[in-house]
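Here is the structure we will look at, set down as structure tokens.
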Amino acid sequence: MAADPLHGKKVVIVGGTSGIGFAVAEAALERGAKVVVASSQQAGVDAALGRLGKGAEGSTLNVTDEGDVAGFFERLGAFDHLVFTAGDWAGMGGGSSLAELDLSAAKAAFGVRFWGALAVVKHGYGKIAEGGSITLTDGMLAHRPRKGAPVSTAMLGAIESLTQALAVDLAPVRVNAVCPGLGMTERSSGMPEALLQRFTARLPLPRGGDPAEIAEAYLYLMRGGYTTGQVLLVDGGGSIV
Ligand SMILES: NC(=O)c1ccc[n+]([C@@H]2O[C@H](COP(=O)([O-])OP(=O)(O)OC[C@H]3O[C@@H](n4cnc5c(N)ncnc54)[C@H](OP(=O)(O)O)[C@@H]3O)[C@@H](O)[C@H]2O)c1
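Residues 48 to 288 in the numbering used here are what the sequence shown spells out, letter by letter.
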């Protein structure tokens with residue numbers, strides 16, 4: 048049987064110490080890749096490396112600090128695939144009316160997920176080997192706006208536009224994004240049952256996604272040598288109902 052295309056490749060996962068990014072790290076390791084996970088808290092990096100075991104390296108990296116991002120990639124050297132799953136919940140609180148919107152908080156919503164992603168791509172893309180790729184992360188609000196969440200919706204849509212723009216700008220480096228529906232990560236698995244039902248009952252697949260199921264989309268986009276500028280929805284079918 049032919050080796051997995053990820054075998055022996057170096058995969059850098061920014062935000063890879065928990066949730067979806069951690070699942071991508073586990074899956075890439077299982078396919079014989081070498082992985083580097085990075086996030087802002089040393090304790091998170093240490094815990095992730097303890098769980099991932101052999102084949103994984105890690106580093107702290109705060110994506111909101113451009114100097115830190117530049118230094119990280121300088122030290123890292125060449126690699127094959129860049130995955131960005133870093134995210135915080137700054138400015139993501141929905142439900143308030145537009146009249147009460149705090150514009151400073153709204154701007155903060157772009158800090159890690161949008162500007163952080165752009166900083167990482169800016170300093171990382173030049174180190175990507177031939178045939179390599181970048182995979183960003185957005186979310187279903189980009190396709191299914193909810194009342195009280197215009198800023199989050201716009202920020203996630205901006206990541207999709209950025210993905211397409213970078214696919215043109217950085218070609219032949221491939222640039223894609225994964226758009227997850229509700230993933231049952233550490234953060235969301237403590238969600239009250241009633242809320243979980245509200246988010247999932249209408250779905251063709253009426254449950255939250257396992258992080259490992261969402262990770263499959265990143266693996267496909269890393270391997271898919273003729274795929275660029277695409278957003279892959281992994282949403283239990285939420286976008287079609
Ligand atoms: N889970 C879902 O249901 C879902 C649905 C749609 C979209 N998404 C998106 O998918 C992404 C991952 O979600 P998740 O559920 O896996 O979240 P998560 O478990 O909270 O993971 C987020 C990761 O980002 C890192 N991070 C946060 N701030 C950072 C910073 N300034 N610099 C570097 N790393 C930073 C965190 O580590 P540190 O704290 O150590 O920095 C952590 O490793 C997020 O963008 C999220 O919005 C998730």
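Each residue gets a CB set at the ideal place from its N, CA and C atoms; glycine is no exception.
None of these values were measured; they are calculated from a predicted model.
For residue i, verify whether its CB is less than 7 Å away from any heavy atom of ligand 1.
i           : result
residue 99  : no
residue 197 : no
residue 288 : no
residue 160 : yes
residue 111 : yes
residue 181 : no
residue 219 : no
residue 88  : yes
residue 134 : yes
residue 64  : yes
residue 266 : no
residue 245 : no
Helix, strand or coil: how does DSSP classify residue i here?
i           : result
residue 101 : coil
residue 271 : coil
residue 176 : strand
residue 131 : strand
residue 217 : coil
residue 159 : helix
residue 352 : Shown here, the chain extends from 48 to 288; a query on residue 352 therefore has no answer.
residue 118 : helix
residue 107 : strand
residue 195 : coil
Apart from the five residues on each side of it in sequence, which residues of its chain come closer than 7 Å, Cβ to Cβ, to residue i?
i           : result
residue 143 : 195
residue 202 : 156, 157, 160 and 161
residue 51  : 78 and 79
residue 234 : 66
With a cut-off of 8 Å on the beta carbons, I'd call residue i and residue j a contact; round off their distance for me.
i           : j           : result
residue 224 : residue 185 : 6 Å
residue 130 : residue 267 : Not a contact, Cβ separation roughly 12 Å.
Name the two residues that bound the continuous beta strand (DSSP E) containing residue i.
i           : result
residue 248 : Segment: none, residue 248 is in no beta strand (DSSP E) and carries neither H nor E.
residue 221 : 221-227
residue 85  : 81-86
residue 60  : 57-61
Can you find the residues in the same chain that come closer than 6 Å, C-beta to C-beta, to residue i, ignoring five residues on each side of it along the sequence?
i           : result
residue 217 : 172
Let's see if you can read the secondary structure: which residues bound the alpha helix (DSSP H) around residue i?
i           : result
residue 165 : 164-171
residue 73  : 66-77
Note down, in chain order, each residue of its chain lying with its Cβ closer than 8 Å to the Cβ of residue i, except the 5 sequence neighbours on either side.
i           : result
residue 89  : 107
residue 178 : 127 and 272
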